[in-house]
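Accompanying notes for the structure given below.
Residue numbers (this note's numbering): 1 to 152.
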């Protein structure tokens, strides 16, 4: 059985604004990578993300970017007993414009082994991506930074 998940949410802004809030490092840092994002997400780039709850920044490889449609990333899973060393997962973010000027964002992640450690890691990331969507919605629709002070 392939280990994968998908989370989704509707953001009350047009697709170009939502997409830009994800690929632009300054905007991403304002609601998600709150201790920094370096590098714009473009096909073939390696960007760097950091969070207050992780001690060191880490690289994120940008596999594909299609403006206002899709971002595909690969990154190394956190070291976890029971997972292969240097396990890489793939994240696909899909952006769909809706008729009412909102945007449906779907985030999928695949690549964990079919064991208990893979299941637990996928659950952890599932929650993280849903949190990212909630933070994105709060920032774009209400100018609220949900992550501010959450882990510090």
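We treat Cβ as the ideally placed atom computed from N, Cα and C, and that holds for glycine.
Checklist entry - Could you give the distance in angstroms between the alpha-carbon of residue 64 and the alpha-carbon of residue 86? => result Going from the Cα of residue 64 to the Cα of residue 86 covers about 21 Å.
Checklist entry - Where residue 136 and residue 21 are concerned, what is the direct C-alpha to C-alpha distance, given to the nearest angstrom? => result One C-alpha to the other measures close to 8 Å.
Next on the checklist: Just to confirm before moving on: does the CB-CB distance between residue 93 and residue 62 stay below 8 Å?
Outcome noted: For the 8 Å CB-CB criterion, residue 93 and residue 62 do not form a contact.
Checklist entry - Which runs of the alpha helix (DSSP H), 4 residues or longer, sit entirely within the segment 8-60? => result Listed in chain order, the complete alpha helix (DSSP H) runs (minimum 4 residues) inside the segment 8-60 are 15-23, 25-29.
Checklist entry - What residues match up with residue 93 in a beta bridge as DSSP calls it? => result According to DSSP, residue 93 shares a beta bridge with 71, 107.
Checklist entry - Quick one: Cα of residue 18 to Cα of residue 105, how far? => result The C-alpha of residue 18 lies about 9 Å from the C-alpha of residue 105.
Checklist entry - What residues in its chain sit with their C-beta under 6 Å from that of residue 125, if we drop five residues either side in the sequence? => result Excluding residues within five positions, the ones whose Cβ falls inside 6 Å are 109.
Item to check | Endpoints, alpha helix (DSSP H) assigned at residue 124 | outcome: 116-142 is the extent of the alpha helix (DSSP H) around residue 124.
Item to check | Through-space distance from residue 32 to residue 139, alpha-carbon basis | outcome: Linking residue 139 to residue 32 through their CA atoms gives a straight-line distance of about 10 Å.
Checklist entry - Under the rule that 16 or more other beta-carbon atoms within 10 Å means buried, what is residue 150, buried or exposed? => result Residue 150 counts as exposed, since fewer than 16 other beta carbons sit within 10 angstroms of its beta carbon.
Item to check | Assigned secondary structure, residue 2 (DSSP; H/G/I helix, E/B strand, else coil) | outcome: It is coil, neither helix nor strand.
Checklist entry - Can you list, in chain order, the residues of its chain whose CB lies under 6 Å from that of residue 74, leaving out five sequence neighbours each side? => result 61, 63, 88, 90, listed in sequence order.
Item to check | residue 76 - partner residues in DSSP beta bridges | outcome: Under DSSP, residue 76 shares a beta bridge with 88.
Checklist entry - What did DSSP end up calling residue 148 once you bin it into helix, strand or coil? => result The answer is coil: DSSP assigns residue 148 none of H, G, I, E or B.
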